[in-house]
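See below for the structure under consideration.
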Amino acid sequence: MQARLFLILSLGLAGLLLIGSSGLGYAQTIESVDVVENKLVTLIGEGYDPDAEDLKYSWQQLDGEKVELSSYNIPMPQFMAPEVENGMIKVLSFQLTVTDPFGAESSDIVEVIVNPVNHVPIVSAGRDKIIFPSINAITLVGSAVDADDDPLTFKWEQTSGPEIELVNTDLRYLTIVSPDIDFSNFEPLVFKLTADDGFGGVASDTAAVYPYHALLQNRLISIDAGPLQTVREGETVTMDVTGETSNGQPIRYSWAQLIGTSASLNTYVGDKVQFIAPNLVSEEPELLSFQVTGYSEGNGWASDIALVRVLPFNGPPVADA
């Protein structure tokens, strides 16, 4: 009689992986196979008896974090690979014993190495901002979330626009001071925040800073966010912006809310955005304002304000003469 062990993964593997085999009365050298955390693993045991007798199977976990097999007396039990911390592994070992009706038995051992699956962090460099000469400094506040709770390192760098000197670029936030800015330049300053989890997971996002004087002086580009809109709380609001440039080049748009109860836009880029009018904290109407900024290569940038007045759902009618 012989006992043989295989291992397969329920997802992503075609065919079987031979782990070990044994002759009657002999325990084989431990062999191993790698799997990943939180995946279903199937142990495939095979017994062979030349007398074609009925065989009994018995699985036993010898070492490693305890897992629950779907059965301990069938040829092919399953278990869920445990969760593993990044940078670590977990080793599980199992023994299969095959016994014939006369008590003759054979055993084999398999070692399963469970590896972690790293998740890339999710990064935001914060919203685009306008900087004024009268303001000493502004701060881009970045954020990052890592599903594995790995400690993250940060790096800020400037990717476009008139170059300025950056300090403390390894923090989650970046402070930019007004004296470093050329307010006569039409081109926005773009900064990239990169987060690294130390295990190969790297992600980045960008935010732009616009000098205000350049906005006022630029005649190469113009945009229009449209008239004041009046809606009731809970209604869907659509804000459209139109624009033109002196040479017909396309315009890229970005949006930011300035005042009013926070509203979550379906997107913060593009010429059309939507949101659900927020619930009011009182029965009084509320004004929301949004700044839309357009940038065109070779033409610089321009900005306009979109206004939305939100009325209570059951408020009185509004007369507009």
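Under my numbering, the residues of the sequence shown are numbered 48 to 368, in order. All residues carry an ideal CB built from backbone N, CA and C; glycine is no exception. None of the values given here were measured: they were computed from a predicted structure.
Pairwise C-beta distances place the segment 212 to 222 out of contact with the segment 279 to 291, as fewer than three of them are shorter than 8 Å.
Using a 10 angstroms sphere on the CB of alanine 128, the tally of other CB atoms reaches 16 or more, which defines it as buried. Boundaries cannot be given for methionine 123, as no beta strand (DSSP E) includes it and DSSP labels it neither H nor E. Among the bridge pairs identified by DSSP, aspartate 318 is matched with none.
Secondary structure of aspartate 271 (DSSP, three-state): strand. Between threonine 241 and aspartate 217, the C-beta spacing is not below 8 Å. If the five residues before and after isoleucine 136 are omitted, its C-beta is found closer than 7 Å to the C-beta atoms of Ile160, Val161, Asn162, all from its own chain and listed in chain order.
Taking C-beta separations shorter than 8 Å and ignoring five residues to either side along the sequence, the partners of aspartate 252 in its chain run Val170, Ser171, Ala172, Gly189, Lys239, Leu240, following chain order.
Within the same chain, Thr308, Ala310 come within 6 Å of proline 325 by CB-CB distance, once the 5 residues on both sides are set aside. Tyrosine 315 and serine 105 have their C-alpha atoms roughly 59 Å apart. Per DSSP, phenylalanine 246 is not a residue of any beta strand (DSSP E), being assigned neither H nor E. Less than 8 Å divides the Cβ of arginine 356 from the Cβ of leucine 275.
Less than 8 Å divides the Cβ of leucine 139 from the Cβ of valine 114. Check the Cα spacing between valine 131 and each of Pro124, Val164, Met123, Phe149: the tightest is with Val164. In this structure, leucine 267 places its C-beta atom within 8 Å of the C-beta atom of asparagine 346. For aspartate 155 and aspartate 110, the gap between their C-alpha atoms comes out near 14 Å. Counting other Cβ atoms within 10 Å of its Cβ, glycine 247 stays below 16 and is therefore classed as exposed. As a beta-bridge residue in DSSP terms, valine 170 pairs with Ala191. Between the alpha carbons of serine 118 and aspartate 243 lies a distance of about 42 Å.
Annotated as proximal: aspartate 175 and alanine 254, with beta-carbon spacing under 8 Å.
A direct Cα-to-Cα measurement between valine 256 and glutamate 344 gives close to 16 Å. Bounds of the beta strand (DSSP E) holding glutamine 107 are 103 to 110.
Annotation for asparagine 133: Pro163, Asn165, Asp195, Asp197, Phe246 place their beta carbon closer than 7 Å to its own, counting only its chain and skipping 5 residues before and after.
With respect to arginine 299, tyrosine 342 sits close: the two C-beta atoms are nearer than 8 Å. Serine 231 and valine 237 have their C-alpha atoms some 16 Å from each other. Under the three-state reduction of DSSP output, proline 235 falls in the coil class, being neither helix nor strand. Checking the DSSP bridge columns, you'll see aspartate 351 partnered with Val339. Within the model, the alpha-carbon separation for serine 293 versus aspartate 318 is close to 18 Å.
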